[in-house]
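Colleague:
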Amino acid sequence: MYNGLFDPIKHYVNYKNLSNGRARSLFDGIYDKHILCQDCDSNVIGKNEDYVSKVLYGGNIGKEKRPMYFNQVNQNGLKSTLISNIDYTKTKLFFLSLLWRAHISKHEFFEQVDLGKEHSEEIRRMLLNNDSKEETTYEASMIYAKPNDPRLIDTIIRPLKFANNNEVEFVFYINGLFFHFNISSTHNHKIFEVAKIKKDNTMRIFVLEHEVASEFVSRILIR
Numbered sequence: 053m054y055n056g057l058f059d060p061i062k063h064y065v066n067y068k069n070l071s072n073g074r075a076r077s078l079f080d081g082i083y084d085k086h087i088l089c090q091d092c093d094s095n096v097i098g099k100n101e102d103y104v105s106k107v108l109y110g111g112n113i114g115k116e117k118r119p120m121y122f123n124q125v126n127q128n129g130l131k132s133t134l135i136s137n138i139d140y141t142k143t144k145l146f147f148l149s150l151l152w153r154a155h156i157s158k159h160e161f162f163e164q165v166d167l168g169k170e171h172s173e174e175i176r177r178m179l180l181n182n183d184s185k186e187e188t189t190y191e192a193s194m195i196y197a198k199p200n201d202p203r204l205i206d207t208i209i210r211p212l213k214f215a216n217n218n219e220v221e222f223v224f225y226i227n228g229l230f231f232h233f234n235i236s237s238t239h240n241h242k243i244f245e246v247a248k249i250k251k252d253n254t255m256r257i258f259v260l261e262h263e264v265a266s267e268f269v270s271r272i273l274i275r
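Mapping to the working numbering: the sequence shown position 158 is 210, numbers consecutive.
#1: So, for residue 21: in the same chain, excluding its five sequence neighbours on each side, which residues have a beta-carbon less than 8 angstroms away from its beta-carbon?
#2: Excluding the 5 residues preceding and the 5 following residue 225 in the sequence, name in chain order all residues of the same chain whose CB lies nearer than 6 angstroms to its CB.
#3: Beta carbon of residue 221, beta carbon of residue 214: below 7 angstroms?
#4: Pick out whichever of 192, 133, 196, 122 has its Cα sitting closest to the Cα of residue 260.
#5: Just verifying my parser: in three-state terms, what is the DSSP assignment at residue 257?
#6: Can you list the beta strand (DSSP E) stretches of 3 or more residues lying completely in the stretch 100 to 150, in chain order?
#7: For residue 155, does the count of other Cβ atoms within 10 angstroms reach 16, so buried, or fall short, so exposed?
#8: So, using beta-carbon positions, are residue 199 and residue 164 closer together than 7 angstroms?
#9: Quick one: what does DSSP say residue 175 is sitting in, helix, strand or coil?
#10: For residue 179 versus residue 149, is the C-beta distance shorter than 7 angstroms?
#11: According to DSSP, which residues form a beta bridge with residue 233?
#12: Flag this pair as yes or no: are the beta carbons of residue 187 and residue 251 separated by less than 7 angstroms?
#13: Do you know whose CA, among 117, 159, 147, 246, lies nearest residue 190's CA?
#14: What is the DSSP secondary structure of residue 265, counted as helix, strand or coil?
Right under this line is the structure:
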């Protein structure tokens, strides 16, 4: 994953602009230090970032709170990792903090991430009040793709918005990780049923490799 999600240390990272198809270097990653007050950044949101970073990359969470990981393969040969014993609230609010910060950022990279006043304010209150609500409210899921295309290594792609009637979905791509967000009350994507963050403190991350991953990436990016 692009470590800039958790560490704002300055470095270069490539990102792809789908409007012209060219890759570009963006100094300081996508970190915007001016969009949040210090208390919100360090305490309200920072604690969730720290927790999810340890869940994904390892770290001392505590023996009783330690997540468990189960690598599985379904009858169609599709790989996934089921993570249990995660903190539903911290994990979901971390995901939503990515979406909300992208919405309030003035950087051109996030120009498609417009939640609208109602959703923006609702998510802001959820973050401030540490309120993750029901799992069907602002569903979030993650897919790990390992495509054959080497150009997608160390690459982030401008977040995309997909709207169909009353259904609105946002997709972020960061170094092989797809973050999917559903901000509508309904959806027609099975991914939110089988892989979203759940209140039973589990989360399934599907792992796509080689041709399957490349096909999935292409299908998302040309929708």
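We put the CB at the ideal spot given by N, CA and C, even for glycine.
Modeller: By the coordinates alone:
#1: This structure gives no information on residue 21, because the portion of the chain shown stretches from 53 to 275.
#2: 209
#3: yes
#4: 196
#5: strand
#6: 120 to 125, 131 to 136
#7: buried
#8: no
#9: helix
#10: yes
#11: 192, 222
#12: yes
#13: 147
#14: helix
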